[in-house]
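A.B. asks: In our numbering, the protein residues as written are 741 to 1552.
C-beta atoms are modelled at their ideal positions from N, C-alpha and C, and glycine is treated no differently.
Before I ask anything, let me first share the structure, which is written out below as structure tokens.
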């Protein structure tokens, strides 16, 4: 500490408060600074709220000079805020450089490893807020940008009821344009502030000196970025010099894709087709482009509607209001709509009328169905198998495609399917799953399959061009999900580079008109955060409403707590990619633990709190990994072609339980020996969601990925015992389980047919479940599996989804 104070004492700059001396007295560290007769910038802002524009620019420039001087000497302040800027005769003095560097160096890497982040929420950069282990000068540039914003506008760029809410906005929301709130601020100054507040460090000014120069530019010295020039509505896009404005997500920066040369199409005007509250998905555009069929869903129930693309009223496709209808597909002659109803293949007249079953299937649900180009056959998928149902009424196996969904049959007898994530838009438990997926092309002549996209991003919604030579699909590989296009050869292999057709659209699915002139697409915005409420074992209601625990535009799927309840671990796509985070419950500040380009899910801390296990798609499949929290190397536990996931630690920390999803589903274990090597053990049983008992003798599990019987099995191997047969007992299926601390009770989560979540308790020796808690409401559903009970509170996720159908013109 003293060494770093002395190092900082060498900073001699007219706008840096100097340090005179340091030492120890009575075992207390101290340092000496000059006494300043003046006030802090915070005092000034509290009194006046806003400063004159020239004065604000001058003060920001003085602070930037001090920062630039320190940055060139390798010192980052980390805690720039109005309280640390002193005003002496109107000039700025930056204080506390010594504290920042001393704490940084004295704490070493432990500072970020324990979740400690220097900074104040209003002025903390996104990378600091996420607990990145290293920050540079651009973090100070961000903080100075936030202070400049406050001097000009009268409040920080992001505000909220508490630090966690503020940090959520810092990481997810754009700051409002300064000029829009204060007309006397020039566009150049407003753009400079916006540039300093960019979310990514690489998008900001590279140095404080550059920021200062931009603030002083009156023309030509600084060119505002396109985002800054657009003004307060960041959702407006520019196409060929024509500004397109619209309300809602449909206006999100529709732009030309990257690259040059011949393009498949240029996006044109986008207009909304639906605007009702709720979620409209999977639009299917009629061949003439005049009607769209789509599903309206709350994630559980789903019904298909037809609507004219201009000023139309929604009309139900069928009169059956009880069926779960999904995945509409128009016949190529435009007379009928193919769809799935309760997992079976039906079609109905486009003019209205009863549906008829097109493919006779048994109990196994159909994932996807699509017409052949001549409407004479239907391709459909059940689990991992793709079939063709011919004119003669018989079906044949065509190919194996992992969890095939959203299949489409092109004019060159090539079928394209989304693979790897069957829950993406399947109503029910797991709806909206964000696991990676890819596009597989199947040749009808011989069943040959070709994967034509990466397998790390979410690639969905394949659609063929009119001539079948271009395959369009959605992908979030470059950020929000956009429409991409790639040329496909006759054999189903890619013929060229992938072209991004749109930018910033955040589209879930889409379809093309028969002439490739129009495109119908659905947006989907999902927010899934953690909430908690008091846990009452007796099931009696409490007067305290649920309390939000995490904040931000993010999707959290799985979470868990450290054994002492002080740390919350969860997966989140807050930074664009799904990574592992942890949050100290005492501070509410999240820290990102992983940043690999491939997603990671379902973190589970070890009993001693020194490691966290999770599953990741870092290879060609989903495997189990263990990350030491002291900075040690990542350990790969499994390395198989199977799909393993969702880890539970044994109480002694030596064994991991997890399930295998692909092939023959099974509950597996991996044990670590004294040398630290992980060894896979034989499968225990066919099952999912294994959880250890407190004494380490048993594992509870369910018999189906989406819920089924609740069973327990000896961890050492043996015959399983059924605790509850949800299929036979009024449909109360068990989805995930949790043991009480004394091992006498097992809690499990279940969902009713309408999607309402609930938690039940059953004796671990067997018995009848009793209801303990109903979760969520009609607007905020808890549709994920997990829940945790910690320190007298129960934790769960609540999700909100909104989306609409839009129409876009395409210029060829």
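If you compare alpha carbons, which of 1244, 1146, 1259 is closest to residue 1545?
C.D. replies: As a first step, residue 1545 is located in the chain shown; it is residue number 805 there, counting from the start. Residue 1259 is the option with its Cα nearest to residue 1545.
A.B. asks: What does a CB cutoff of less than 7 Å around residue 1532 pick up in its chain, not counting 5 residues either side in sequence?
C.D. replies: Within the chain shown, numbered from 1, the residue matching residue 1532 stands at position 792. Within the same chain, residue 1532 has close Cβ partners 1274, 1275.
A.B. asks: For a test of the three-state rule: what should DSSP assign to residue 752, helix, strand or coil?
C.D. replies: As a position in the chain shown, residue 752 is number 12, starting the count at 1. DSSP, read as helix, strand or coil, puts residue 752 in coil.
A.B. asks: Please name the residue in 1100, 1149, 1321 whose C-alpha comes closest to that of residue 1185.
C.D. replies: Here residue 1185 is taken as the residue at index 445 of the chain shown, counted from 1. For the residues 1100, 1149, 1321, the minimum Cα distance to residue 1185 belongs to 1149.
A.B. asks: Would you decide whether residue 772 is buried or exposed? Buried here means 16 or more other CB atoms lie within 10 Å of its CB.
C.D. replies: Within the chain shown, the letter at position 32 stands for residue 772. Residue 772 should be labelled exposed.
A.B. asks: Can you give me the Cβ contacts of residue 1120 inside the same chain, cut-off strictly under 7 Å, excluding the 5 residues immediately before and after it?
C.D. replies: As a first step, residue 1120 must be located in the chain shown, where it is residue number 380. Once the five neighbours on either side are set aside, the close Cβ partners of residue 1120 are 1085, 1099, 1106, 1108, 1109, 1127, 1129.
A.B. asks: Compute the distance between the beta-carbons of residue 828 and residue 780, then report whether it is under 7 Å.
C.D. replies: Within the chain shown, numbered from 1, the residue matching residue 828 stands at position 88. Within the chain shown, numbered from 1, the residue matching residue 780 stands at position 40. It is not a contact, given that the beta carbons lie outside the stated cut-off.
A.B. asks: For residue 906, collect the residues of the same chain with a Cβ closer than 7 Å to its Cβ; drop the 5 residues on either side in sequence, then sort them by chain order.
C.D. replies: By 1-based counting over the chain shown, the position of residue 906 is 166. Taken in chain order, the residues that qualify are 861, 862, 898, 899, 900.
A.B. asks: Hey, residue 1402 and residue 1382: beta-carbon distance below 7 Å or not?
C.D. replies: Indexing the chain shown from 1 puts residue 1402 at position 662. Indexing the chain shown from 1 puts residue 1382 at position 642. Yes. Within cutoff.
A.B. asks: At which residue ranges does the segment 1054 to 1131 contain complete beta strand (DSSP E) runs of 3 or more residues, listed in the order of the chain?
C.D. replies: 1065 to 1070, 1076 to 1081, 1084 to 1089, 1096 to 1099, 1108 to 1111, 1118 to 1122, 1125 to 1129
A.B. asks: For residue 1354, which option in 1270, 1319, 1206 has the closest C-alpha, if you only look at C-alpha atoms?
C.D. replies: Mapped onto the chain shown, residue 1354 falls at position 614. Per the Cα distances, 1319.
A.B. asks: So is residue 1523 buried or exposed if we call it buried at 16+ other beta carbons inside 10 Å?
C.D. replies: In the chain shown, residue 1523 corresponds to position 783, counting from 1. Classification for residue 1523: buried.
A.B. asks: State whether the segment 1498 to 1517 contacts the segment 1361 to 1369, with contact taken as three or more CB pairs (one from each stretch) at a distance under 8 Å.
C.D. replies: no
A.B. asks: Indicate the three-state DSSP secondary structure (helix, strand or coil) for residue 869 in the structure shown.
C.D. replies: Numbered from 1 along the chain shown, position 129 holds the residue referred to as residue 869. In this structure, residue 869 counts as helix in the three-state DSSP scheme.
A.B. asks: Work out the CA separation of residue 816 and residue 789 for me, nearest whole Å.
C.D. replies: In the chain shown, the residue the question calls residue 789 occupies position 49. In the chain shown, the residue the question calls residue 816 occupies position 76. Approximately 28 Å, taken between the alpha carbons.
A.B. asks: Please go through the segment 1224 to 1291 and give each complete beta strand (DSSP E) segment of 3 or more residues, from N-terminal end onward.
C.D. replies: 1247 to 1252, 1258 to 1263, 1265 to 1274
A.B. asks: Between residue 1312 and residue 1343, what straight-line distance do the alpha-carbon atoms span, to the nearest angstrom?
C.D. replies: Here residue 1312 corresponds to residue number 572 of the chain shown, with the count starting at 1. Here residue 1343 corresponds to residue number 603 of the chain shown, with the count starting at 1. Rounded to the nearest angstrom, the two C-alpha atoms are 10 Å apart.
A.B. asks: Does the beta-carbon distance from residue 1270 to residue 1535 come in below 7 Å?
C.D. replies: Against the chain shown, residue 1270 aligns to sequence position 530. Against the chain shown, residue 1535 aligns to sequence position 795. Cβ atoms of residue 1270 and residue 1535: closer than 7 Å.
A.B. asks: Have a look at 1491, 1430, 1247 and flag the residue whose alpha-carbon is nearest the alpha-carbon of residue 1399.
C.D. replies: One-based indexing of the chain shown puts residue 1399 at position 659. Answer by Cα proximity: 1430.
A.B. asks: For residue 1300, which of 1026, 1328, 949, 1388 has the nearest alpha-carbon?
C.D. replies: If you number the chain shown from 1, residue 1300 lands on position 560. The candidate whose alpha carbon is nearest that of residue 1300 is 1388.
A.B. asks: Residue 1292 and residue 1314: beta carbons closer than 7 Å?
C.D. replies: Counting from one through the chain shown, the residue named residue 1292 turns up at place 552. Counting from one through the chain shown, the residue named residue 1314 turns up at place 574. Yes, the pair counts as a contact, with Cβ atoms nearer than the cut-off.
A.B. asks: Straight-line CA distance for residue 918 to residue 1250?
C.D. replies: The residue you call residue 918 lines up with position 178 of the chain shown. The residue you call residue 1250 lines up with position 510 of the chain shown. Taking the straight line from one Cα to the other gives about 36 Å.
A.B. asks: Mark residue 770 as exposed unless 16 or more other C-beta atoms lie within 10 angstroms of its C-beta, in which case mark it buried.
C.D. replies: As a working note, residue 770 is residue 30 in the chain shown. Under this definition residue 770 is an exposed residue.
A.B. asks: Could you check where the alpha helix (DSSP H) with residue 1459 kicks off and where it finishes?
C.D. replies: Residue mapping note: residue 1459 aligns to position 719 of the chain shown, counting from 1. First-last for residue 1459: undefined, no H or E at that position.
A.B. asks: May I ask which residues mark the beginning and end of the beta strand (DSSP E) holding residue 1356?
C.D. replies: Here residue 1356 is taken as the residue at index 616 of the chain shown, counted from 1. Taken as a continuous stretch (DSSP letters only), the beta strand (DSSP E) holding residue 1356 covers 1351 to 1356.
A.B. asks: Contact criterion: CB-CB distance below 7 Å. Does residue 1018 meet it with respect to chain B?
C.D. replies: Absent from the structure is chain B; it holds one protein chain and no more.
A.B. asks: Rounded to whole angstroms, what is the Cα-Cα separation between residue 1439 and residue 1527?
C.D. replies: Start at 1 with the first residue of the chain shown, and residue 1439 comes out as number 699. Start at 1 with the first residue of the chain shown, and residue 1527 comes out as number 787. For the pair residue 1439 and residue 1527, the Cα-to-Cα distance works out to about 17 Å.
A.B. asks: For residue 862, report the span of its alpha helix (DSSP H) as first-last.
C.D. replies: Position 122 of the chain shown, counting from 1, holds the residue named residue 862. Run containing residue 862: none; DSSP gives neither H nor E here.
A.B. asks: Select from 808, 814, 1515 the residue whose C-alpha is nearest the C-alpha of residue 1281.
C.D. replies: Position 541 of the chain shown holds residue 1281. Of 808, 814, 1515, the residue nearest in Cα terms is 1515.
A.B. asks: Looking only at its own chain, which residues have a Cβ that is under 8 Å from the Cβ of residue 1461, when we skip the five neighbours before and after it?
C.D. replies: Within the chain shown, numbered from 1, the residue matching residue 1461 stands at position 721. Correct list, in chain order: 1451, 1452, 1453, 1506.
A.B. asks: Identify the continuous alpha helix (DSSP H) that holds residue 1155 and give its terminal residues.
C.D. replies: Position 415 of the chain shown holds residue 1155. Run containing residue 1155: none in the alpha helix (DSSP H); it sits in the beta strand (DSSP E), 1154 to 1159.
A.B. asks: Can you name the start and end residues of the beta strand (DSSP E) that residue 689 belongs to?
C.D. replies: Outside the shown range of the chain, which is 741 to 1552, sits residue 689, and nothing can be said about it.
A.B. asks: Could you give the DSSP three-state label for residue 887: helix, strand or coil?
C.D. replies: As a first step, residue 887 is located in the chain shown; it is residue number 147 there, counting from the start. Helix.
A.B. asks: For the alpha helix (DSSP H) that residue 788 lies in, which residues bound it at each end?
C.D. replies: Locating residue 788 in the chain shown gives position 48, where the first residue counts as 1. Note, residue 788: alpha helix (DSSP H), 781 to 788.
A.B. asks: Indicate whether the contact test is met: 3 or more Cβ pairs, each with one atom in the segment 873 to 893 and one in the segment 941 to 958, closer than 8 Å.
C.D. replies: yes
A.B. asks: Mapping DSSP to helix, strand and coil, what is residue 1489?
C.D. replies: Walking along the chain shown from the start, residue 1489 turns up at place 749. Note: residue 1489 maps to strand in three-state DSSP.
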